[in-house]
Amino acid sequence: MTRIKGLQELFKRYRRPGDIVFAWVFLVLSVFLLSQLGSQAPWNPKGKTFSQPAFWPTVAVITMTGFAAFHLLSSFLSTRLDGRWTEVWAWVRSVEYAGWFMAYVYLVPVLGYLPMTMGFAVLLGLRAGYRSAKVLRTLAALGVVIVIVFKGFLEVKIPEAAVYEYLPTAMRSFFLTYL
Amino acid sequence: MDALISGAGLLLDWQVIVALLIGSIGGVVIGAIPGVGAAVAIAILLPATFSLPPLVGLTMLLGIYGSSMYGGALPAVLLNTPGTAVNALTTYDGYPMTQRGEAKRAVALAYSASFAGGIISILALIALSPLLAAVAPLFGSREIFLAALLGIILVVLAHRGQTFAAGMLAAFGILLHTVGLEPVNYTRRFTFEQSWLTSGFDLIVVVLGLFALSQAFLLLSQPDEQPKATKLSGSVFSGLKELWLYKRVAAVSSGFGVMMGMVPGVGEFTAQFMSYTYAQKTSKTPELFGKGSPEGLIASEAANNAVPAAAMIPLLALGIPGEALTAMMLSVFYVHNVIPGPQLFQNQMDFVMALYLALLVLNVMVLIFLLFSTNILIRVIQVPTRLVGIMILLLSFVGVYSLRNSITDCAIASVFGVLGVILKRLNLPLVPIILGMVLGGIMEVKLRSSMPRVKNPMDMIDRPIAMILFALILIVIGLHIRTLFREYRNPPVNPDTDIHNTQGGGQ
Chain G
19 MTRIKGLQEL FKRYRRPGDI VFAWVFLVLS VFLLSQLGSQ APWNPKGKTF
69 SQPAFWPTVA VITMTGFAAF HLLSSFLSTR LDGRWTEVWA WVRSVEYAGW
119 FMAYVYLVPV LGYLPMTMGF AVLLGLRAGY RSAKVLRTLA ALGVVIVIVF
169 KGFLEVKIPE AAVYEYLPTA MRSFFLTYL
Chain V
49 MDALISGAGL LLDWQVIVAL LIGSIGGVVI GAIPGVGAAV AIAILLPATF
99 SLPPLVGLTM LLGIYGSSMY GGALPAVLLN TPGTAVNALT TYDGYPMTQR
149 GEAKRAVALA YSASFAGGII SILALIALSP LLAAVAPLFG SREIFLAALL
199 GIILVVLAHR GQTFAAGMLA AFGILLHTVG LEPVNYTRRF TFEQSWLTSG
249 FDLIVVVLGL FALSQAFLLL SQPDEQPKAT KLSGSVFSGL KELWLYKRVA
299 AVSSGFGVMM GMVPGVGEFT AQFMSYTYAQ KTSKTPELFG KGSPEGLIAS
349 EAANNAVPAA AMIPLLALGI PGEALTAMML SVFYVHNVIP GPQLFQNQMD
399 FVMALYLALL VLNVMVLIFL LFSTNILIRV IQVPTRLVGI MILLLSFVGV
449 YSLRNSITDC AIASVFGVLG VILKRLNLPL VPIILGMVLG GIMEVKLRSS
499 MPRVKNPMDM IDRPIAMILF ALILIVIGLH IRTLFREYRN PPVNPDTDIH
549 NTQGGGQ
């Protein structure tokens, strides 16, 4: 007879190393927030319980702490998988790209959306390991297309760049409006 | 009938038609690229749709939502890599069919099953609309609070094997919603005397961080990959009629998709589980399931494609999103001052019908597009993953920065991006955070507004619908406890190691 799989078997969890590190961090954060409840979400002595501004933060933090404790316990009781710190290092590596993103954010209002997007795409392409001129040209072109579509056509709010002020008058207003 | 005709009239606007075209074709392409998915695309496009009329913006997002799973089936069948998370089950039978040399047949069955799921669910919704319009006004504050509570409980319990993680992340989402200046008494909550925390965490900033930026960080920090797939020879069209042989499985699976889509917090995975189990139990060849069974493939695709239309029901009728994508769409409604809920069904039925008809049209458009462009899509699938990462990073900037031109928002989104990477790599769910934020907000407002009429706890459930919802909450918790006892007696076989990665993180 053919065996029918259960939900858990059909969509398997695929536990990974490093789970316990995350569980510890989350529990410590939860306990810290729990310790701050009195000062950060104070109860009003006169109000009704369910209408208190502190009611939902209290429910949230207590629930977080309870579940985080059980999650840590379940991680603790599960079989240890090798590569815990390799996994944590993979998390840390992603912070580099958050840094790239924030640099892009800081520089757009200064150097302009179009030049920064083209430059950023190419630099990130180099960082990602692409060396072919064709790929880098494609990335620069991608930057142009994104700027034209979003700033030119969809008119999303991106502030005008300081550097555009130095452009000749005829070009300045075009750049300030569309690029 | 008047509302249907009036809704069709709303769709005839050229802007709506263009939005539908861009959304549906864009959705298929986005769904086909492993590592992008509808959530990333919708998160990025959300702020851009704020400047569009409500129906135009929503049609575009609905197009992406409804069509991404069609595209996601292609890499699932050809590469054993689901394009979107909900195509994971399609790999079980789709890829073995490809290995047997039946790739064209598998792709055609996936398309036709998706089409059947989409169309059946929309027709069911149009038929159900008068009933919904009659029932929706019976939902007051207490009922909506209980429905939101049921949604939160379901989203936690639906993550079987990860209930504790889902619970702590849902509670974290509720906490995120409460941070900042409380709107009634102007009390500061968890602001730590920081001015940037006073305005709280914007849902879109969190969504963009968790879904879009995290995916970009993940793809860029992992080794570059370029999937390889062989072209399909011959027309996919010839395979479409084969679905007729499996019409029972397609119809029942679509039915499960509709039912599970309507229940907040449950969604595609449970629908697929029920339809797959049904298909296997009633099949003449159950031993083929997991080894290239056409019925298994149809059960998976018909069920997941029936969910998007059904998921619009709690959103439109009650203002309660059942999963992350409808939670994102809720913000589009609010921006345009269209408040989903019972009033929408009573006063703007033509708008609701226009959305349903848009879904109907998009399914037809997508099927026609796929019949002629499958081989072009196969080339799109092969874009190197790091290039996709760069693209997502550039587009995420537009999404976050254009909201308020706030560097703080970008920094917050980056932090959530890193959190998203960790959760995806650990294969922990992101959806509970988003639903916690949205449903937490709804619960707070509705519980407070229901308090003047509640003198003792029993008043909370003294109306029929409130009583039913409360009973459902008890039943859901009871069933979960019963399942835990069963699993304790008969533990599942090796439940936490497998090649399938439901969150899209690396391995």
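Protein sequence lines, in the order shown, are assigned to chains G and V. Just so we're aligned, residue 19 is where the first sequence starts under this note's numbering, counting upward by one. Just so we're aligned, residue 49 is where the second sequence starts under this note's numbering, counting upward by one. Backbone N, C-alpha and C define an ideal beta-carbon position, used for all residues, glycine too.
Distance CB(residue i)-CB(residue j) smaller than 8 Å
i              : j              : result
G309 (chain V) : V383 (chain V) : no
A67 (chain V)  : M108 (chain V) : yes
Q430 (chain V) : K276 (chain V) : yes
P95 (chain V)  : L408 (chain V) : no
L345 (chain V) : D141 (chain V) : yes
T563 (chain V) : A86 (chain V)  : In this structure chain V extends from 49 to 555, so residue 563 (chain V) is not present and cannot be described.
V165 (chain G) : L144 (chain G) : no
V167 (chain G) : Y449 (chain V) : no
V479 (chain V) : A327 (chain V) : no
N423 (chain V) : L280 (chain V) : yes
I38 (chain G)  : F73 (chain G)  : no
F259 (chain V) : G468 (chain V) : yes
Boundaries of the alpha helix (DSSP H) in which residue i is found, first to last residue
i              : result
A59 (chain G)  : Taken as a continuous stretch (DSSP letters only), A59 (chain G) belongs to no alpha helix (DSSP H), as it is neither H nor E.
H528 (chain V) : 512 to 537
Y148 (chain G) : Note, Y148 (chain G): premise wrong, no alpha helix (DSSP H); not H, not E.
E191 (chain V) : 189 to 205
T81 (chain G)  : 73 to 95
F168 (chain G) : Note, F168 (chain G): premise wrong, no alpha helix (DSSP H); not H, not E.
I168 (chain V) : 151 to 183
N395 (chain V) : 390 to 395
E492 (chain V) : 479 to 498
Q147 (chain V) : 136 to 147
P127 (chain G) : 102 to 129
L345 (chain V) : 342 to 361
K472 (chain V) : 455 to 473
E316 (chain V) : 316 to 330
P102 (chain V) : 102 to 127
R434 (chain V) : 433 to 452
Contacting residues, own chain, Cβ-Cβ under 8 Å from residue i (five flanking each side not counted)
i              : result
V227 (chain V) : R237, F238, T239, L245, G248, F249
S77 (chain V)  : Per the sequence shown, residue 77 (chain V) should be read as Val rather than Ser. Same-chain partners within the cutoff: G119, L425, V428.
A195 (chain V) : F187, P312, P362, L366, I368, L517
R190 (chain G) : Y182, E183
P432 (chain V) : D272, E273, Q274
G447 (chain V) : A91, I92, L93, L94, P95, A96, I252, L256, A260
Proximal residues to residue i (C-beta, below 6 Å), its chain only, five neighbours per side dropped
i              : result
K494 (chain V) : S189, I192, F193
Q551 (chain V) : For Q551 (chain V), the predicted structure reports a pLDDT of 44, less than 50, and the residue's modelled location is therefore unreliable. The matter cannot be settled from this model.
H548 (chain V) : Reliability of the predicted coordinates at H548 (chain V) is poor, the pLDDT of 39 falling under 50, and the value obtained from them is presented with this limitation in mind. So the qualifying residues of the chain are A136.
A350 (chain V) : A161, A164, G165, A298, S301, S302
P369 (chain V) : L363, A375, L378, V486
G465 (chain V) : G257, L261, S262, F265
L90 (chain G)  : A41, L45
P477 (chain V) : H207, A214
P342 (chain V) : L157
S331 (chain V) : E343
G489 (chain V) : H225
Residue i: contacting residues in chain G (beta-carbon distance under 8 Å)
i              : result
G488 (chain V) : W74, A78
V466 (chain V) : W109, S112, V113, A116
D567 (chain V) : It is not possible to answer for residue 567 (chain V), since the shown part of chain V is limited to 49 through 555.
T132 (chain V) : The premise fails here: T132 (chain V) is roughly 14 Å from chain G at the closest Cβ pair, so nothing lies under 8 Å.
7 Å Cβ cut-off: residues of chain V touching residue i
i             : result
V49 (chain G) : What V49 (chain G) touches in chain V: nothing, since even the nearest Cβ is about 12 Å away.
S69 (chain G) : R496, M499
Neighbouring residues, chain G, relative to residue i (Cβ below 7 Å)
i              : result
E316 (chain V) : What E316 (chain V) touches in chain G: nothing, since even the nearest Cβ is about 10 Å away.
F462 (chain V) : The sequence given here has Ser at residue 462 (chain V), not Phe. Residues of chain G passing the Cβ test: A116, F119, M120.
A213 (chain V) : H89
A96 (chain V)  : F168, L172, V174
Closer than 8 Å at the beta carbon, the chain V residues around residue i
i              : result
P177 (chain G) : N453
A139 (chain G) : I438, L442
7 Å CB neighbourhood of residue i in its chain, flanking five on each side removed
i              : result
D546 (chain V) : For D546 (chain V), the predicted model reports a pLDDT of 43, less than 50, meaning its position is unreliable and no value from the coordinates is stated.
G554 (chain V) : Model confidence at G554 (chain V) stands at a pLDDT of 38, short of 50, so the residue's coordinates are unreliable and nothing is read from them.
W118 (chain G) : L142
L197 (chain V) : M491, I521
G221 (chain V) : P480, I481, I482, L483, G484, M485, G488
Nearest-angstrom beta carbon gap, residue j and residue i [assumed within contact, 8 Å]
i              : j              : result
V306 (chain V) : A358 (chain V) : 5 Å
A184 (chain V) : A365 (chain V) : 4 Å
L520 (chain V) : A218 (chain V) : Contact flag wrong, Cβ pair sits at about 18 Å.
Neighbouring residues, chain G, relative to residue i (Cβ below 9 Å)
i              : result
A264 (chain V) : Y115, F119
L261 (chain V) : Y115, A116, F119
Residues that residue i contacts on chain A, provided the C-beta gap is smaller than 8 Å
i              : result
V446 (chain V) : Looking for chain A here will not work: the only protein chains present are G and V.
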